[in-house]
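Trainee:
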């Protein structure tokens, strides 16, 4: 449920800001989320270590904070309708009365043929959006990394506490796992925030970046699986988490900037679903006693090998793409930039169509709200 709300929130953010702000907005939102995790981990460590607070009261505090977050979310500008099952609004010069009259006629027609026609149209639009989302080689590559890396990150995140307890048992020493988790998350937040200020040709160097930082993550996971020093394990986890947060931030805005507005939630949802499916398979094979049932040390060696495979795939592809770009003629480079320019124009048309309605929608206010924040 938490994962699904994250998908919905990022889709909402991308639908109310212009594409040229996607990179910085993604860094801001991701770092804000991680800063919240840092605050929670720090507060939990203080309450347990200094105030001897029971876990029941910690859960009660968590519930209270969630209620506050819910109240804050109600103040956010809400779009009038979802963009997925609505036809794209064309830029029009109709008067307000003509537009309202046409909307009334369309509503009456829709009510008469609501059942089968609505399902058929929605299914057709979903299929078209699915083809549009995964028709680009670049989008497939970014989505592939998202699914594979997120599955591996989820396994490391879920079982790193067991690794720490194996190296330094909590029954015989002081536990600082909450504080370490807070510091690691803060490092990840800084890495995500820095993405908004990096200016490179992601279409050329993005795959190589995925490969390099995935290899760093693989090395950190191997370090955690091989070391018996708890501080080395802490350091490896911090670098691993920072590298993942850095890359997932890049991946999200790169996918969003190459999609039309209707495809955000669908693509993010599919990528996340595939990642969770892979994570479930990894758990069933590596952790479950009905299968391999490996000990925690061996599990992390398996996860390190898993990340090594990801890094090799993207390193090879990234080196190939960089070399191909290096020897490409200027005319070919200009031709390659045309699709992204066309997509940028489409984003502008989408928003122009929505703003044309004026008084009937507050999405223009939403965009101004977020442009002010950024």
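In my numbering, the protein residues as written are 301 to 674. All residues carry an ideal CB built from backbone N, CA and C; glycine is no exception. What you are looking at is a predicted structure, and each value in this text was computed from that prediction instead of being measured.
Give the straight-line distance between the Cα atoms of residue 563 and residue 508, rounded to the nearest whole angstrom.
Mentor: Roughly 26 Å between the two C-alpha positions.
Trainee: Helix, strand or coil, according to DSSP, for residue 611 in the structure here?
Mentor: It is helical.
Trainee: Taking 8 Å as the cut-off, decide whether the C-beta atoms of residue 489 and residue 334 are in contact.
Mentor: Yes.
Trainee: Can the beta-carbon of residue 550 be found closer than 8 Å to that of residue 495?
Mentor: Yes.
Trainee: Taking the alpha-carbon positions, what's the residue 557 to residue 477 distance?
Mentor: Near 37 Å, if we compare the C-alpha coordinates of residue 477 and residue 557.
Trainee: Could you pull out every residue in the same chain whose Cβ sits closer than 6 Å to the Cβ of residue 442, ignoring the five residues on either side in sequence?
Mentor: Same-chain partners within the cutoff: 551, 554, 555.
Trainee: Of the residues 316, 482, 308, 317, which one's Cα is nearest the Cα of residue 339?
Mentor: The candidate whose alpha carbon is nearest that of residue 339 is 482.
Trainee: Is there contact here, the region 602-609 with the region 436-455, by at least three beta-carbon pairs under 8 Å?
Mentor: Judged by Cβ distances under 8 Å, the region 602-609 makes contact with the region 436-455, as three or more pairs qualify.
Trainee: According to DSSP, simplified to helix, strand and coil, what is residue 639?
Mentor: At residue 639, the pLDDT of 49 sits below 50, so the modelled position is not reliable; the number obtained from the coordinates is stated separately. Residue 639: helix per DSSP, three-state reduction.
Trainee: Look at the alpha carbon of residue 370 and the alpha carbon of residue 332, and state the distance between them as a whole number of angstroms.
Mentor: Cα-Cα distance, rounded: 16 Å.
Trainee: Would you please state the rounded distance, in angstroms, between the beta carbons of residue 450 and residue 575? I believe it to be under 8 Å.
Mentor: Indeed they touch by this definition, with Cβ atoms about 4 Å apart.
Trainee: Give the straight-line distance between the Cα atoms of residue 366 and residue 359, rounded to the nearest whole angstrom.
Mentor: Each residue's Cα considered, the two are about 11 Å apart.
Trainee: Which same chain residues end up closer than 6 Å to residue 512 when comparing Cβ atoms and leaving out the 5 residues on each side of it in sequence?
Mentor: Correct list: empty, nothing qualifies.
Trainee: Are the CB atoms of residue 590 and residue 524 within a distance shorter than 8 Å?
Mentor: No, the pair does not count as a contact, with Cβ atoms beyond the cut-off.
Trainee: Alpha carbon to alpha carbon, how far is residue 373 from residue 499? Give it in angstroms, no decimals.
Mentor: Whole-angstrom Cα-Cα distance: 32 Å.
Trainee: For the region 306-360, which segments carrying the alpha helix (DSSP H) assignment without a break, of at least 4 residues, lie completely within its bounds, in sequence order?
Mentor: Counting only runs of 4 or more, we get 322-349.
Trainee: So, helix, strand or coil for residue 627, using DSSP?
Mentor: DSSP places residue 627 in coil when its eight states are reduced to three.
Trainee: Would residue 350 be called buried (16 or more neighbouring beta carbons within 10 Å of its own) or exposed?
Mentor: Residue 350 is exposed by the Cβ-count criterion.
Trainee: One question on the structure: do residue 302 and residue 313 come within less than 8 Å of each other, judged by their Cβ atoms?
Mentor: No. Outside cutoff.
Trainee: Please work out which residues of its chain come closer than 6 Å, Cβ to Cβ, to residue 541, disregarding the five sequence neighbours upstream and downstream, and give them in chain order.
Mentor: Once the five neighbours on either side are set aside, the close Cβ partners of residue 541 are 484, 488.
Trainee: First and last residue of the alpha helix (DSSP H) that includes residue 477?
Mentor: Start and end: 477-495.
Trainee: Quick one: using the 10 Å Cβ neighbour count with 16 as the cut-off for buried, is residue 378 buried or exposed?
Mentor: Counting Cβ neighbours within 10 Å, residue 378 comes out exposed, since fewer than 16 surround it.
Trainee: Skipping 5 residues on each side, what residues in its chain have a beta carbon closer than 7 Å to that of residue 614?
Mentor: Closer than 7 Å at the Cβ level, and outside the excluded window around residue 614, lie 445, 507, 510, 511, 514.
Trainee: If contacts are defined as beta-carbon pairs under 8 Å, then residue 584 and residue 545 qualify, I think. What distance do you get, rounded to the angstrom?
Mentor: Not confirmed; about 27 Å, so no contact.
Trainee: Given this structure, state the Cα-to-Cα distance separating residue 354 from residue 348, to the nearest angstrom.
Mentor: Those two C-alpha atoms are separated by around 7 Å.
Trainee: Grouping DSSP H, G and I as helix and E and B as strand, with all else coil, what is residue 458?
Mentor: If DSSP states are grouped into helix, strand and coil, residue 458 belongs with the helices.
Trainee: How many Å lie between residue 547 and residue 497 at the Cα?
Mentor: Each residue's alpha carbon lies about 14 Å from the other.
Trainee: Which of the three DSSP states, helix, strand or coil, is assigned to residue 256?
Mentor: The structure shown does not extend to residue 256, since the chain spans only 301 to 674, so no value can be given for it.
Trainee: When you compare each of 573, 345, 521, 623 to residue 503 by their alpha carbons, which one comes out closest?
Mentor: Nearest option by C-alpha distance: 623.
Trainee: How big is the Cα-Cα spacing for residue 628 and residue 501?
Mentor: For residue 628 and residue 501, the distance between alpha carbons rounds to 15 Å.
Trainee: Under the three-state reduction of DSSP, which class applies to residue 507: helix, strand or coil?
Mentor: If DSSP states are grouped into helix, strand and coil, residue 507 belongs with the helices.
Trainee: Using only alpha-carbon positions, find the residue among 460, 559, 465, 447 that is nearest to residue 521.
Mentor: Ranking 460, 559, 465, 447 by Cα distance to residue 521 puts 460 first.
Trainee: Check whether the Cβ atoms of residue 317 and residue 448 sit closer than 8 Å, and answer yes or no.
Mentor: No, they are not a contact pair.
Trainee: Assuming the contact rule is C-beta atoms closer than 8 Å, residue 587 and residue 579 should be a hit. Round their C-beta distance to whole Å, please.
Mentor: At roughly 11 Å, the Cβ-Cβ gap does not stay under 8 Å, so residue 587 and residue 579 are not in contact.
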